[in-house]
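Residue numbers for the sequence shown follow this note's numbering, so the first one is 958 and each next one is one higher. Worksheet: the structure to be examined is printed underneath.
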Amino acid sequence: MVAANSVPSDAAPVSSRLSFEPLRSSSAEVDFGVEVSPGDVSRLDAAQLDQLERAVYTHQVVVVRDQLELCPRAQLELTRRFDPRARSYGHGHRNDLMAKSVLTRDLVSIPEVPQVKLLGNGRIYDHEGIPEVELHHPSHHGFHRDELSAEEEERGLTRFYRWHIDAALYDYHPPKVTTLLALQVPENRMQTVVYGDGSGDTLEVSLGSTAFISGVTAFERLSPEWRAFALAAKACYAPHPYIWMKHARSLANGVGLASECRELGRGDLPEVDERALMTLPLVWTNPITGKRALMLHAYCVEGLIIDGRRIDELAEVRRLLYALMRPAIAPARVYAHPWRPGDLVIFHNRGVWHSVVGSLKPGDVRVYHQCNLASSEPPLGPMA
Ligand SMILES: [Fe+2]
């Protein structure tokens, strides 16, 4: 814990203020992200926690260094601090439904604190009550329509897996924040993200980094016409979206799905509760800064409502979303966090998009704890 400053005896103690530094990025277009080394984050006082919370909303991504000792329960408590009335699961779904979802293969619940998920890569033993488990870093193989060849991956080429926000998008409101703790990271060799969308774009990243872009920049850099479109549009999310899309294949740059009629029909889905369907604006307002951000999970969208008119034709829906989203992932706008063991990243899940990156080998051991909680309230719309 950071030591308190000395204070006059008749005054309440004044805690040390946390000191935030901008994250180092090679691009001037990345205007978000700070880091802080506060000692043990689980022992911050109320004033410091307030400061941390404000930093997350203001800077969107906060890297808290040296938190190897943060236990799952303390991570849950810290995450809950951002949304005390939050529901248990950020990705939603009962366990029986999770078993059918595309998210299941990447996440293992910590037995004592199931709200915290274990993820990563490689075989690990005796971890937080889990005797033995084989973790798999998400690979674009089997998910992207066009795959890199073995020879390309051998040369260090890789992909954005899927640009997204953490959210169930059915029954549960999107979490406000996600906390992601790196306990073990693989060798820090460099790889090259190939966008594979005809642009020729590439991005150098360290192995297994997590990529972020600012939803604020994504919105503010749109042309006036597209900004007006985004402000007027709402996304209709599919019922049980991660089951609905489980056979669909991603575009190479991770911006959305190819339209190949692979989505499940209503008859192939678990029972649908119409009241749980989610329709959300494309533009969300930050409750602290008042800035507006383009925020959506294109993979889960089945329709759009524009000025009261609904578009259900999936290929057209995806064409429009792609036009909105693709400029946001230009290499100069991406911050790919190069993880160090002990990094705890707290990101504003209603202000940034993120993507898993990297092609790991079985021997590249990566051990992370992730926590996010479905919010008790929907995001603020564009007119908030
Ligand atoms: Fe995620």
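We put the CB at the ideal spot given by N, CA and C, even for glycine. Owing to the predicted nature of the structure, the values given are computational and were not obtained by experimental measurement.
Is there contact here, the region 1024-1031 with the region 1283-1295, by at least three beta-carbon pairs under 8 Å? With a cut-off of 8 Å, the region 1283-1295 and the region 1024-1031 do not count as touching, because too few Cβ pairs lie within range.
What residue ranges within the region 1253-1320 form continuous beta strand (DSSP E) runs of no fewer than 3 residues, ordered along the chain? Given a length threshold of 3 residues, each whole run of the beta strand (DSSP E) inside the region 1253-1320 is given here in chain order: 1258-1263, 1266-1268, 1292-1294, 1301-1305 and 1309-1313.
Which listed residue (1326, 1284, 1205 and 1231) has its alpha carbon closest to that of residue 1033: Of the candidates 1326, 1284, 1205 and 1231, the residue whose Cα lies closest to the Cα of residue 1033 is 1326.
My assumption, with CB atoms under 8 Å, is that residue 1131 sits in contact with residue 1313. Please give the rounded CB distance. Actually they are not in contact, since the Cβ atoms of residue 1131 and residue 1313 sit about 18 Å apart, beyond 8 Å.
Using only the alpha-carbon positions, how far apart do residue 993 and residue 1221 sit? Straight-line Cα distance between these residues: approximately 45 Å.
Cutting at 7 Å between CB atoms, please list the residues of its own chain near residue 1172, excluding the five before and the five after it. Counting only Cβ-Cβ distances below 7 Å, and skipping sequence neighbours, we find 1250, 1251, 1252, 1308, 1309 and 1310.
Are residue 1152 and residue 1209 closer than 8 Å when you measure CB to CB? Their beta carbons are under 8 Å apart, which means residue 1152 touches residue 1209 by this criterion.
Who pairs with residue 1170 in a beta bridge, going by DSSP? 1310.
Hey, quick one: how far does the beta strand (DSSP E) through residue 1236 stretch, first residue to last? First-last of the beta strand (DSSP E) with residue 1236: 1236-1238.
So, at 7 Å on beta carbons, what are the nonlocal neighbours of residue 1101 in its own chain, with the 5 sequence-adjacent residues on each side left out? Cβ neighbours of residue 1101 within its own chain (closer than 7 Å, five residues either side excluded): 1116, 1206, 1207 and 1209.
So what does residue 1207 bridge to, in DSSP terms? Under DSSP, residue 1207 takes part in a beta bridge, and its partners are 1101 and 1214.
Start-to-end residues for the beta strand (DSSP E) that takes in residue 1088: Unbroken beta strand (DSSP E) run through residue 1088: 1087-1092.
Please confirm if the region 1180-1197 is in contact with the region 1328-1336, defined as three or more CB-CB distances below 8 Å between the two stretches. Touching, no.
Return helix, strand or coil for residue 1232, following the three-state DSSP convention. Residue state, collapsed to three classes: helix.
So, at 8 Å on beta carbons, what are the nonlocal neighbours of residue 1069 in its own chain, with the 5 sequence-adjacent residues on each side left out? So the list reads 1029, 1030, 1085 and 1086, once near-sequence residues are dropped.
For residue 1090, is the classification buried or exposed, using 16 other Cβ atoms within 10 angstroms of its Cβ as the cut-off for buried? Exposed.
So what's residue 1008 in DSSP terms, helix, strand or just coil? DSSP, reduced to helix, strand and coil, places residue 1008 within a helical segment of the structure shown.
With distances taken Cα to Cα, identify the nearest neighbour of residue 980 among 1295, 1174 and 1240. Among 1295, 1174 and 1240, the Cα nearest to that of residue 980 is on 1295.
For residue 1129, is the classification buried or exposed, using 16 other Cβ atoms within 10 angstroms of its Cβ as the cut-off for buried? Classification for residue 1129: buried.
Proximal residues to residue 1333 (C-beta, below 8 Å), its chain only, five neighbours per side dropped: So the qualifying residues of the chain are 1040, 1042, 1043, 1044 and 1130.
Taking all protein chains shown into account, decide if residue 1112 is buried (16 or more other Cβ within 10 angstroms of its Cβ) or exposed. Result: exposed.
Residue of 1154, 1241 and 1225 minimising C-alpha distance to residue 1187: A check of alpha carbon separations from residue 1187 across 1154, 1241 and 1225 identifies 1241 as the nearest.
Compute the minimum distance between the beta carbon of residue 1294 and the heavy atoms of ligand 1, and state whether it is under 7 Å. Not under cutoff, so the answer is no.
The alpha helix (DSSP H) enclosing residue 1352, as first and last residue numbers: Outside the displayed span of the chain (958 to 1341) sits residue 1352, for which this structure offers no information.
Please determine whether the Cβ atom of residue 1121 lies at a distance below 7 Å from any heavy atom of ligand 2. No copy of ligand 2 appears in this structure; the ligands present are ligand 1.
Grab the span of the beta strand (DSSP E) containing residue 975 for me, first residue to last. Per DSSP, residue 975 lies in no beta strand (DSSP E) and is assigned neither H nor E.
If you compare alpha carbons, which of 1265, 1175, 1306 and 975 is closest to residue 1279? If you compare the alpha carbons of 1265, 1175, 1306 and 975 with that of residue 1279, the shortest gap goes to 1175.
Between which residues of its own chain and residue 982 is the CB-CB distance below 8 Å, once the five residues before and five after are set aside? Only 990 and 1292 meet the Cβ criterion.
Where residue 1197 sits in the DSSP three-state scheme: Coil.
Please tell me whether, using a cut-off of 7 Å, the distance from the CB of residue 1094 to the nearest non-hydrogen atom of ligand 1 is below it. Residue 1094 Cβ: outside cutoff for every heavy atom of ligand 1.
Is it buried or exposed, residue 969, if we count other Cβ atoms within 10 angstroms and call 16 or more buried? Residue placement at residue 969 is poorly supported in this model, since its pLDDT is 39, which falls under 50; the coordinates are not used for a value here.
By how many angstroms is the C-alpha of residue 1159 removed from the C-alpha of residue 1136? Residue 1136 and residue 1159 have their alpha carbons spaced roughly 28 Å apart.
What does the alpha-carbon distance come out to for the pair residue 1011 and residue 1225? Computed Cα separation, rounded: 44 Å.
Supposed close pair residue 1148, residue 1316 - CB separation, criterion 8 Å: Contact holds; Cβ gap of about 7 Å.
Quick one: is residue 1198 buried, meaning 16 or more other Cβ sit within 10 Å of its Cβ, or exposed? So residue 1198 ends up on the buried side.
If you draw a straight line from the alpha carbon of residue 1243 to that of residue 1154, how long is it in whole angstroms? The alpha-carbon atoms of residue 1243 and residue 1154 are separated by roughly 31 Å.
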